[in-house]
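Before any comments, here is the structure.
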Amino acid sequence: MIKSLIIILMSSILVNNYTLSKFLGICPFLGVSKKTDQATGMGIAVTAVMVVATAVTWPIQTYVLDNLGLGFLQTIVFILVIATLVQFVEIVLKKYIPALHKSLGVYLPLITTNCAVLGVTINNISDGYNFIESIFSALGCGLGFLLAMVLFAGVRSVLEGNNKIPKRLQGLPITLIAASIVSLSFMGFGGIIENLFG
Amino acid sequence: MKNNKMKILTNGILKENPVLVLVLGTCPTLAVTTGIVSAISMGLATLAVLVCSNIVISALRNVISDKIRIPAYIVIIAGFVTAVQMLLQAFLPDVYDMLGVYLALIVVNCIILGRAEMFANKNSVVDSALDGVGMGIGFTLTLFLMGFVREVFGNSTFAGIAIPFLAPFKLPILTSAPGGFFVYGVLIALVAIFTKGEYPKKKSFGCEGCPSAASCAKAQAGIPCDGAKAEESEVADV
């Protein structure tokens, strides 16, 4: 049991990294990765929302939609749940933990349309994970996103304002080429899962 | 008048190309372009959703209250996405399996919500439909181009048909994740060279043009976009 949970966690952080190998959550990955502290804040907020969203959508899918034969409503229900949840988390944080809200608050509304959150909730259902496995998978995906964001923010801090880059490559093109190289390095983790427990 | 309609239609294809100039909808652009067939299917599915949602949102633009417009748009879009999902599952199950989770993720494709915010909620139904067609075609063509480069040079096949004389020069890396980022970056740079860097800058589209358009607008539902916070304008300036 614990073994399989660790495998799920490691595989979603390193091997099947949502951002770098499944291309989910590219918008914030390119948009909010200019500074390391911003990237960290966004990553933590996404991780929290992913875990909470999975904890809410999994029971809804299993006990409500599947029971009533309404599986086709999955997309609509999930996106509404995520949108509501993000608002809810923001209101709760603002009221009870203002300090945390101040540092993470600006990233929260940006998460609603982050496709990684909707992607992870749908994938957990289609992969047939049980509740605990789903939570671990969501946690792994969030941590993988955080890792990718922080690493990439480090790379970008070197690229920003570098005058040696050809004019037409400056900005987005060189950012994407840098992302390509970061993603290449993550390919090196392929095969780690099979050998994790000998 | 006729010219104006033509302009709306063609705007999306190059001048305001959603992927290469507005940089919206990056996730599907990178994810489904490993092959030509999946790229075109994704493009057409998005086109269908975009046109339908633009028409409905434009028709309801005076009915939907400004404060709840984003949730309302999301529900409309999710409805059409579900319809497309069910149609594909029934009539083209191969395509449905190929696109997998990315089909459902059309809901959070920034192009659709972005166009709803930028265009459909201030223009007539006909103009919005044309804008949807133009943007959809622009999106499909760009996906086709990406898919073409990645499949022909990465796998030396064209839509599944082998091209033997290219086989010795195959670059399999193009079909994997790093190749996707690379091809996309090079394409954007080529467009910048082609248009001599005179394409509209991100900022001129305001907050709505940023990759996080929808959420940004949601963050301040009802408040005009130029009231954006410092952090958010930084986000817009990719």
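The listed protein sequences derive, respectively, from chains A and B. Sequential numbering of the first sequence, starting at 110, is according to our numbering. Sequential numbering of the second sequence, starting at -2, is according to our numbering. Note that CB positions come from ideal geometry on N, CA and C, so glycine has one too.
Mind checking whether residue i and residue j have CB atoms under 8 Å apart?
i, j, result
"V201 (chain A)", "A162 (chain A)", "no"
"S130 (chain A)", "F178 (chain B)", "no"
"F261 (chain A)", "G152 (chain A)", "no"
"S50 (chain B)", "A113 (chain B)", "yes"
"V46 (chain B)", "I5 (chain B)", "no"
"T145 (chain A)", "G270 (chain A)", "no"
"R58 (chain B)", "A117 (chain B)", "yes"
"L21 (chain B)", "G111 (chain B)", "yes"
"I122 (chain A)", "L252 (chain A)", "yes"
"T43 (chain B)", "L139 (chain A)", "no"
"F245 (chain A)", "I117 (chain A)", "yes"
"A169 (chain B)", "G151 (chain B)", "Note on residue identity: the sequence assigns Pro, not Ala, to residue 169 (chain B). Contact flag set, yes."
"G131 (chain B)", "T7 (chain B)", "yes"
"I185 (chain A)", "G76 (chain B)", "yes"
"L256 (chain A)", "A287 (chain A)", "no"
Do you know whose CA, among the options, lies nearest residue i's CA?
i, options, result
"A28 (chain B)", "B:K4, B:A174, B:I5 and B:N0", "B:A174"
"V34 (chain B)", "B:T192, B:I170 and B:F145", "B:F145"
"C107 (chain B)", "A:N233, A:C224 and A:L174", "A:C224"
"P68 (chain B)", "A:L174, A:A192, A:A164 and A:N239", "A:A192"
"A156 (chain B)", "B:I10, B:D128 and B:F141", "B:F141"
"V122 (chain B)", "B:E148, B:V53 and B:V92", "B:V53"
"I188 (chain A)", "A:T222, A:G263 and A:A208", "A:T222"
"A186 (chain B)", "A:F245, A:Q279 and A:S246", "A:Q279"
"Y70 (chain B)", "B:Q82, B:A56 and B:M83", "B:A56"
"L17 (chain B)", "B:L138, B:I160, B:L171 and B:F166", "B:L138"
"L163 (chain B)", "B:L171, B:T172 and B:S153", "B:S153"
"D128 (chain B)", "B:V48, B:L19 and B:T26", "B:V48"
"T156 (chain A)", "A:G180, A:M110, A:P282 and A:Y127", "A:Y127"
Between residue i and chain A, is the shortest Cβ-Cβ distance under 8 Å, so that the two count as touching?
i, result
"I185 (chain B)", "yes"
"V72 (chain B)", "yes"
"L85 (chain B)", "no"
"V92 (chain B)", "no"
"V81 (chain B)", "no"
"C107 (chain B)", "yes"
"T23 (chain B)", "yes"
"G182 (chain B)", "yes"
"P241 (chain B)", "Residue 241 (chain B) is absent from the structure shown; chain B starts at -2 and stops at 235."
"V146 (chain B)", "no"
"L89 (chain B)", "no"
"G76 (chain B)", "yes"
"I54 (chain B)", "no"
"I190 (chain B)", "yes"
"L27 (chain B)", "yes"
"P68 (chain B)", "yes"
"V130 (chain B)", "no"
"V46 (chain B)", "no"
"V104 (chain B)", "yes"
"L6 (chain B)", "no"
"C213 (chain B)", "A caution first: C213 (chain B) carries a pLDDT of 46, below 50, which makes its placement in the model unreliable, though a value can still be read off. It does: the Cβ of C213 (chain B) has a partner Cβ on chain A nearer than 8 Å."
"A101 (chain B)", "yes"
"L57 (chain B)", "no"
"L96 (chain B)", "no"
"L140 (chain B)", "no"
"G206 (chain B)", "A caution first: G206 (chain B) carries a pLDDT of 41, below 50, which makes its placement in the model unreliable, though a value can still be read off. Answer no: the Cβ-Cβ gap between G206 (chain B) and chain A never drops below 8 Å."
Hey, is residue i's beta-carbon within less than 8 Å of any beta-carbon in chain D?
i, result
"F179 (chain B)", "Of the protein chains in this structure, namely A and B, none is chain D."
For residue i, would you say it is in contact with chain B, using Cβ-to-Cβ distances shorter than 8 Å as the test?
i, result
"K211 (chain A)", "no"
"T184 (chain A)", "yes"
"I302 (chain A)", "no"
"P282 (chain A)", "yes"
"L125 (chain A)", "Strictly speaking, residue 125 (chain A) in this sequence is Asn, with Leu absent from that position. Output row for N125 (chain A): interface = no."
"R277 (chain A)", "yes"
"A192 (chain A)", "yes"
"F197 (chain A)", "no"
"A157 (chain A)", "no"
"M110 (chain A)", "no"
"S130 (chain A)", "yes"
"M119 (chain A)", "no"
"F254 (chain A)", "no"
"S289 (chain A)", "yes"
"S243 (chain A)", "no"
"N272 (chain A)", "no"
Rounded to whole angstroms, how far is the Cβ of residue i from the Cβ of residue j, which I believe are closer than 8 Å?
i, j, result
"V158 (chain A)", "I220 (chain A)", "5 Å"
"I241 (chain A)", "L114 (chain A)", "7 Å"
"S143 (chain A)", "R265 (chain A)", "Checking the sequence, you will find Lys at residue 143 (chain A) rather than Ser. Going by Cβ atoms, the distance from K143 (chain A) to R265 (chain A) rounds to 6 Å, so yes, they are a contact pair."
"F191 (chain B)", "P15 (chain B)", "No, F191 (chain B) and P15 (chain B) are not in contact; Cβ-Cβ is about 17 Å, not under 8 Å."
"Q183 (chain A)", "Q196 (chain A)", "Between Q196 (chain A) and Q183 (chain A) the Cβ distance is about 21 Å, and since that is not below 8 Å, they are no contact."
"Y93 (chain B)", "M39 (chain B)", "That pair is no contact at about 12 Å."
Hey, is residue i close to the ligand ATP, as in C-beta under 7 Å from one of its heavy atoms?
i, result
"L260 (chain A)", "Among the components modelled here there is no ligand, and therefore nothing to report on the ligand ATP."
**Message:** Threshold first: 4 residues or longer. Then list the alpha helix (DSSP H) segments lying entirely within the stretch 166 to 198 of chain B, N to C.
**Reply:** 174 to 191
**alpha helix (DSSP H) runs wholly inside the stretch 20 to 66 of chain B, at least 4 long, in chain order** = 23 to 28 and 33 to 56
**Request:** Quick one: which unbroken alpha helix (DSSP H) runs of 4-plus residues sit fully inside the stretch 246 to 306 of chain A? Chain order, please.
**Result:** 281 to 296
**Message:** Just to confirm the assignment: which complete alpha helix (DSSP H) runs, minimum length 4, are found wholly within the stretch 125 to 160 of chain A?
**Reply:** 135 to 140
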